[in-house]
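Visitor: Sending over a structure as structure tokens; questions will come in a sec.
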Amino acid sequence: MSALKAAARLLAVPVLLVAVWWTASDGSTDYFWPPLRTIVGTFDDTWFHGRLTGDVLPSLVRLAAGYLLALVLGIGAGIAIGSSRTLRAVLEPVLEFFRAIPPPVLVPILMLFAGIGDGMKILVIVTGCVWPVLLNTVEGVRALDEVLRDTARSYRMRPVSRLVRLVLPGAGPQIAAGARQALSVGIILMVISEMFAASEGVGFTIIQFQRTFAVPQMWTGIILLGAIGVTLSALFHLAEARVLRWYTGLRRAQREG
1 MSALKAAARL
11 LAVPVLLVAV
21 WWTASDGSTD
31 YFWPPLRTIV
41 GTFDDTWFHG
51 RLTGDVLPSL
61 VRLAAGYLLA
71 LVLGIGAGIA
81 IGSSRTLRAV
91 LEPVLEFFRA
101 IPPPVLVPIL
111 MLFAGIGDGM
121 KILVIVTGCV
131 WPVLLNTVEG
141 VRALDEVLRD
151 TARSYRMRPV
161 SRLVRLVLPG
171 AGPQIAAGAR
181 QALSVGIILM
191 VISEMFAASE
201 GVGFTIIQFQ
211 RTFAVPQMWT
221 GIILLGAIGV
231 TLSALFHLAE
241 ARVLRWYTGL
251 RRAQREG
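Here you go:
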């Protein structure tokens with residue numbers, strides 16, 4: 001019964017929004033605001049007959065490559081910077097400078113050095129996704145309990161054991177928060193990178209629909225991106241719940257106590 005209530009709470013607002021959109025647009029004669037029934041009717045022909053493997057799959061592959069690379073770089077650099085006060089003092093001004101630069105601004109520059117292929121698009125995703133992961137990892141490592149650090153040193157734990165048993169679990173919630181932010185940033189940058197000198201991808205296809213005034217098809221692309229975002233967010237929450245079982249259990253026990 002509780003699962004049904006949770007599902008009802010989760011779906012209530014999306015269902016209401018779809019119903020409002022369907023009702024408000026029904027019978028619309030505005031070329032740029034077609035009825036939702038028309039958009040839904042063109043969805044299958046637009047995306048499930050060639051474009052699923054020709055546009056959607058390449059976009060998801062680039063997103064996965066850029067996101068995973070950003071996780072590796074962000075977590076690795078974040079642990080190193082968070083563990084060293086000297087390194088943090090030296091690099092913090094530089095990190096704040098580069099963090100303040102919007103990643104889309106770097107697209108023309110990256111095109112000069114990386115070309116217009118998949119490498120450029122992956123690099124754009126990395127440059128945007130790495131900052132939430134890096135900064136949250138730094139803060140997570142800095143916030144580790146000093147008593148636990150001293151205990152690990154007293155027991156002469158090896159660096160690898162200390163990393164696996166102390167640093168990563170202790171900073172895990174902060175790292176997960178940064179990874180969650182990076183995922184939404186990565187989806188945005190996936191689309192933006194495909195709008196520059198691309199020949200396939202979801203972002204490229206949406207722009208082509210807009211330029212050729214295929215308005216219902218353009219709307220289907222926007223809906224598809226929303227569906228991709230919701231699906232990836234749900235998968236992330238499942239993975240997060242599995243990896244951080246100890247943390248969610250601890251929080252639940254604290255609330256109940």
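So for the sequence shown, the UniProt record's numbering puts the first residue at 1; every next one is plus one.
Don't be surprised by glycine CBs; every beta carbon is placed ideally from N, CA and C.
(1) So S59 packs on V124, CB below 8 Å; how close in whole Å?
(2) Which class does E146 belong to by DSSP, given the choice of helix, strand or coil?
(3) Can you give me the start and stop residues for the alpha helix (DSSP H) that F213 sits inside?
(4) Does the stretch 203-213 come within contact of the stretch 78-91, defined as at least 3 CB pairs closer than 8 Å?
(5) With distances taken from CA atoms, which of E139, L95, A152 and V13 is nearest G128?
(6) At 3 residues or longer, what runs of the beta strand (DSSP E) sit wholly inside the stretch 58-139?
(7) Can you give the Cα-Cα distance for G27 and A19, rounded to whole angstroms?
(8) According to DSSP, simplified to helix, strand and coil, what is P169?
(9) Can you tell me where the alpha helix (DSSP H) with T53 in it begins and where it stops?
(10) Take F213 and list the residues in its own chain whose beta-carbon comes closer than 6 Å to its own, dropping the five residues that flank it on each side.
(11) Flag this pair as yes or no: are the beta carbons of A8 and G74 separated by less than 9 Å?
(12) Check whether the stretch 135-144 and the stretch 164-174 touch, using three or more Cβ-Cβ pairs below 8 Å as the test.
(13) Starting from the C-beta of G66, find all residues in its chain whose C-beta is less than 8 Å away, skip the five residues before and the five after it, and write them out in chain order.
(14) I'd like to know whether the C-beta atoms of W47 and T231 end up nearer to each other than 9 Å.
(15) Between the C-alpha atoms of F236 and P14, what's the straight-line distance to the nearest angstrom?
(16) Tell me the rounded alpha-carbon separation between P93 and V138.
(17) How far does the alpha helix (DSSP H) with T29 in it extend, from its first residue to its last?
(18) Starting from P159, follow the alpha helix (DSSP H) in both directions and report where the run begins and ends.
(19) Given that a residue counts as buried once 16 or more other Cβ atoms are within 10 Å of its Cβ, and exposed if not, what is W246?
(20) Can you name the start and end residues of the alpha helix (DSSP H) that G201 belongs to?
(21) Return helix, strand or coil for P14, following the three-state DSSP convention.
Guide: Well, looking at it:
(1) Actually they do not touch by this definition, with Cβ atoms about 13 Å apart.
(2) helix
(3) First-last for F213: undefined, no H or E at that position.
(4) no
(5) L95
(6) none
(7) 14 Å
(8) helix
(9) Careful: T53 lies outside any alpha helix (DSSP H) and carries neither H nor E.
(10) none
(11) no
(12) yes
(13) K121, I122, L123, V124, I125, V126, C129, G186, L189 and M190
(14) no
(15) 20 Å
(16) 14 Å
(17) Unbroken run through T29: none, as it is neither H nor E.
(18) P159 to R162
(19) exposed
(20) Careful: G201 lies outside any alpha helix (DSSP H) and carries neither H nor E.
(21) helix
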